[in-house]
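Under this note's numbering, the final residue of the sequence shown carries the number 954; numbering is consecutive throughout. The beta-carbon is built from N, C-alpha and C at its ideal position, and this holds for glycine as well.
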Amino acid sequence: MKNNLFVLCCTGAGLLSASVMQAKEKPRNVLFILVDDYGWNDTSCGGSRFYETPNIDRIARQGVMFTQGYAACQVSSPSRASIMTGKSPARHGITNWIGEASGEAWRKMGRHSKLLPAEYAWKMSQEEQTLPETLKQHGYKTFMAGKWHIGGEGSTPEDHGFEINIGGFEAGSPVGGYFSPYKNPKLPDGPKGENLSMRLAQETSKFIGEQTKKNKKQPFFAYLSFYAVHGPIQTTEENWNYFRNKADLMGIAPEGFKVDRTLPVRQRQDNPIYAGLIRQMDDAVGVVLDKLEELGLMENTLIIFTGDNGGVSSGDNYSTSCLPLRGGKGRQWEGGLRVPFIIQDPDCPLHGTTTDVPAIGTDFYPTILEYAGVPLLPEQHVDGRSLIPVLEGSELPSRALYWHYPHYGNQGGEPSSVIRDGDWKLIHYYEDGRNELYNLKIDETESEPLNAQYPDKVEFLSQKLSVWLTEAGAKYPTPDSQYDPVKEAAYKKRVQTDNLLRLEKERKQQLSPGFEPNKTWWDSKVID
427 MKNNLFVLCC
437 TGAGLLSASV
447 MQAKEKPRNV
457 LFILVDDYGW
467 NDTSCGGSRF
477 YETPNIDRIA
487 RQGVMFTQGY
497 AACQVSSPSR
507 ASIMTGKSPA
517 RHGITNWIGE
527 ASGEAWRKMG
537 RHSKLLPAEY
547 AWKMSQEEQT
557 LPETLKQHGY
567 KTFMAGKWHI
577 GGEGSTPEDH
587 GFEINIGGFE
597 AGSPVGGYFS
607 PYKNPKLPDG
617 PKGENLSMRL
627 AQETSKFIGE
637 QTKKNKKQPF
647 FAYLSFYAVH
657 GPIQTTEENW
667 NYFRNKADLM
677 GIAPEGFKVD
687 RTLPVRQRQD
697 NPIYAGLIRQ
707 MDDAVGVVLD
717 KLEELGLMEN
727 TLIIFTGDNG
737 GVSSGDNYST
747 SCLPLRGGKG
757 RQWEGGLRVP
767 FIIQDPDCPL
777 HGTTTDVPAI
787 GTDFYPTILE
797 YAGVPLLPEQ
807 HVDGRSLIPV
817 LEGSELPSRA
827 LYWHYPHYGN
837 QGGEPSSVIR
847 DGDWKLIHYY
857 EDGRNELYNL
867 KIDETESEPL
877 NAQYPDKVEF
887 LSQKLSVWLT
897 EAGAKYPTPD
907 SQYDPVKEAA
917 YKKRVQTDNL
927 LRLEKERKQQ
937 LSPGFEPNKT
947 WWDSKVID
């Protein structure tokens, strides 16, 4: 696919500037910023008119934004394991968020679905040669702050290559919320009312400062993995009021949700609580960027900013809208898979450029190794490829991208596998074996399948997907012998009708001038 870079990068050694040559002699640091449940268009630079992200925009202005950037899965744990391993979820075995029921235990969920979801791994295997382990072996100081959620005892960040871990354990959400006390065994509480995102950023900045002072020649890998913007969504009264007024000025639509096949889906970005949560996270990003600038490290630090799955437009807190892309977190359409994907490479100062080259979370491992000057490990990061050529203005050979999610999502997702090959995308559903064919160049909204018009393409992609799933060792859902279609229909009708009424009521309350969640605004306000 054509690489739409607005600025041509220097591709030959003779064109390298003096500053770039100087940077090559310095430690090649890496800052990886991962935001949880963050929609592809939840940034100002990504097109949002409601959310405000001036600090994320700073990274985009200095780097390359991949407009076709994808997470390795539509839910978090699989994507996070893929970043660490360079392998797809089907291959490393964590195909769902860790903690969700599978197999016969799924019946306890009371959803009466046709299939029993596939069993999956509940922790990352010790056999994996993770990204931080590889960097550590080549002299890097490794640090993480924030969410882990790819294993508990025996599979903690410390077990997989991180020398310093602040805040990362088995939990997938901020147990104590976004304001201290955090109830996090890996993160001591701060002063009452302290913000979690800011605390994680301050810890990261502190590490960068101390590491640079201690050993200026040793490179670092800092993994800042925000719990934001995962539920529960919380913010301060000040932030809520700012964005409530902004929503009012933009015009509040009478309705905010629409049922799409399985659940209601948010149609507008107008949630002032979620907008405030994003602002808190963006402010925290700014603290770390300021520290890099203060220490003169921007010229020799690779910065990656991305999300672990699509925005939550249905299920959970129904926080955001991913339109015009269909669906969101947990779902098989573009809204569930596409995420913010920005890389700032100091060796190629492409300021404010974009590319439509498709990229995926498994690509980060080899990209970071190539930047760091560390030999690639193709047998480990088998499902990824380095994006450095793209950052240098070159085109890469086309390839297919794959996803495998043999589960039912909390957000309305269906057991399915996906292949994207060029502009073509095929979704295979396991409940009834049907396929949906889309052409993303023609119809990015995935509103009308093209099966009837292109039967040969359906057959070709279906076969290609099947071959890959076999090669990757994918596990599949199985029919439930106790399936009752009447009970399933009643369940679906109930969750659609009840949720739609509840959501519209909550939306109006959150946008009303007198809204108050509680006296302390989720403990952000300290009351004596």
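Spatial neighbours of Thr-556 in its own chain (CB-CB distance under 7 Å, excluding positions within 5 residues in sequence) are listed in chain order as Met-510, Thr-511, His-586 and Gly-587.
Between the alpha carbons of Ser-820 and Ala-673 lies a gap of roughly 42 Å. Remark: C-beta atoms of Arg-764 and Gly-736 approach each other more closely than 8 Å.
Within the stretch 743-817, the complete beta strand (DSSP E) segments of 3 residues or longer fall at 767-770 and 779-781, listed in chain order.
In this chain, the alpha helix (DSSP H) harbouring Ile-699 covers 698-720.
In the DSSP assignment, His-518 falls within the alpha helix (DSSP H) that extends over 515-518. The shortest CA-to-CA distance from Pro-905 to any of Val-490, Ala-648 and Trp-532 is the one to Trp-532.
The beta carbon of Ile-459 sits closer than 6 Å to those of Leu-650 and Phe-731, all from its chain and outside the five residues before and after it, given in chain order.
Here the stretch 882-899 makes contact with the stretch 849-864; the two share three or more CB pairs at distances below 8 Å.
Per DSSP, the continuous alpha helix (DSSP H) segment holding Ala-915 begins and ends at 911-936. Burial of Glu-629 is indicated by the presence of at least 16 other C-beta atoms within 10 angstroms of its C-beta. In the DSSP assignment, Asp-847 falls within the beta strand (DSSP E) that extends over 842-847. Apart from sequence neighbours up to five positions away, the residues of its chain that approach His-564 with a beta-carbon distance below 6 Å are Val-800, ordered along the chain. CA-to-CA, the gap between Arg-506 and Leu-776 works out to about 27 Å.
Residue environment: Tyr-902 is assigned as exposed (fewer than 16 neighbouring CB atoms within 10 Å of its CB, all protein chains considered). The continuous beta strand (DSSP E) containing Arg-692 extends over residues 689-692. Note on geometry: alpha-carbon atoms of Lys-642 and Phe-633 lie some 13 Å from one another. Sequence-distant partners of Asn-522 (beyond 5 residues in either direction) whose C-beta falls short of 6 Å from its own C-beta, in its chain, are Tyr-546 and His-833.
For Pro-905, the three-state secondary structure derived from DSSP is strand. Here the C-alpha atom of Gly-602 lies approximately 32 Å from the C-alpha atom of Asn-455.
Under the Cβ criterion (8 Å, minimum of three pairs), the stretch 486-493 does not count as touching the stretch 674-681.
Listed as beta-bridge partners of His-830 by DSSP are Ser-843. In terms of Cα proximity to Asp-742, the closest of Trp-574, Leu-689, Gln-706 and Glu-942 is Leu-689. DSSP places Gly-635 outside any beta strand (DSSP E); the residue lies instead in the alpha helix (DSSP H), whose first and last residues are 622-640. Ile-853 carries a strand assignment under DSSP once its states are collapsed to helix, strand and coil. Between Leu-827 and Ile-853, the C-beta gap is not smaller than 8 Å, which leaves the two residues out of contact. Annotated as distal: Met-570 and Val-713, with beta-carbon spacing of 8 Å or more. Sequence-distant partners of Arg-484 (beyond 5 residues in either direction) whose C-beta falls short of 7 Å from its own C-beta, in its chain, are Leu-715.
In the assembly as shown, Lys-567 is a buried residue. Its beta-carbon has 16 or more other beta-carbons within 10 Å. Counting only the Cα atoms, Ser-739 lies some 11 Å from Asn-697.
Per DSSP, reduced to three states, the secondary structure at Lys-567 is strand. The three-state reading of DSSP puts Met-724 in helix, counting H, G and I together. Ranked by Cα distance from Trp-947, the options Arg-920, Glu-663 and Gln-706 are led by Glu-663.
Boundaries of the beta strand (DSSP E) harbouring Phe-646: 646-651, taken from the DSSP string. With respect to the 8 Å criterion, Cys-748 and Asn-925 are not classified as neighbours on the basis of their beta carbons. Lys-684 sits in a strand when the DSSP states are folded into three classes.
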